[in-house]
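Colleague: Take a look at this one; I'll ask things after.
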Amino acid sequence: GGKSNGTSTSNYGSYGIFTDTASPLNAGGTAVVKGTGAEAVYISMGICVDNNITVGDTASVTGNGGDANGFSYGVQATSTLTVSGGTLNANGGESDGPSYGVQTTSALTVSGGALTANGGDAGTLSYGVSTFERQRRYA
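Numbers 21 to 159, taken from this note's numbering, label the letters of the sequence shown in order.
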């Protein structure tokens, strides 16, 4: 299976893995995908997909948000997030605003595999999983 690890840093925001609307994240087979957001002034996300995320087979997907003054998400999908096999682990970091392990603005389906999500220490809201639109990503 394939492996992907990412970390990106900027003064304003940090994304371990970022895709735009044309690029869903489909992890299957024995794929290993890991994204870690670094400390950022406003936003830190481990994995930000402006589309669907699908985790299946025995794939392993991990997203860890870093510390941020604005908000921190482990994994964000602006469309559907489906876990039909494998594992999805997501952890929000410390944030002055909200911190979510998983944030999706559409449907969340877990029909197999495992989902573990933890919100971090937050100034406002901290959820393991948020399935409503509070804040979209900013690039």
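Ideal placement from N, C-alpha and C gives every residue a C-beta, glycine not left out.
1) By Cβ distance, which residues of its chain are closer than 6 Å to Gly48, with the 5 residues on each side in sequence left out?
2) Is the beta carbon of Val122 less than 8 Å from the beta carbon of Ala110?
3) Does DSSP put Ala88 in a helix, a strand or coil?
4) Per the DSSP calculation, Thr129 is bridged to which residue(s)?
5) Quick check: the Cα distance between Tyr120 and Thr56, rounded to an integer number of angstroms?
6) Can you tell me which of Val81, Asn71, Val103 puts its alpha carbon nearest to the alpha carbon of Ala97?
7) Could you check if Val61 is buried or exposed, using at least 16 other CB atoms within 10 Å of its CB as the buried criterion?
8) How about Val130: is its Cβ closer than 7 Å to a heavy atom in the ligand NAP?
9) Is it right to say Ser43 is buried, meaning 16 or more other beta carbons lie within 10 angstroms of its own, or is it exposed?
10) In angstroms, rounded to a whole number, what distance separates the CA positions of Ser126 and Cys68?
11) Residue range of the beta strand (DSSP E) that Ala142 falls in?
12) Using 10 angstroms around the beta-carbon of Phe38, count the other beta-carbons present and answer buried if the total reaches 16, otherwise exposed.
Modeller: Looking at the coordinates:
1) Same-chain partners within the cutoff: Gly76, Asp77, Ala79.
2) yes
3) strand
4) Thr102
5) C-alpha of Tyr120 to C-alpha of Thr56: approximately 14 Å in a straight line.
6) Asn71
7) exposed
8) By its list of ligands, the structure shown contains no ligand whatsoever, and the ligand NAP lies outside what it can speak to.
9) exposed
10) 14 Å
11) Per DSSP, Ala142 belongs to no beta strand (DSSP E) and is neither H nor E.
12) Buried, by the Cβ-count rule.
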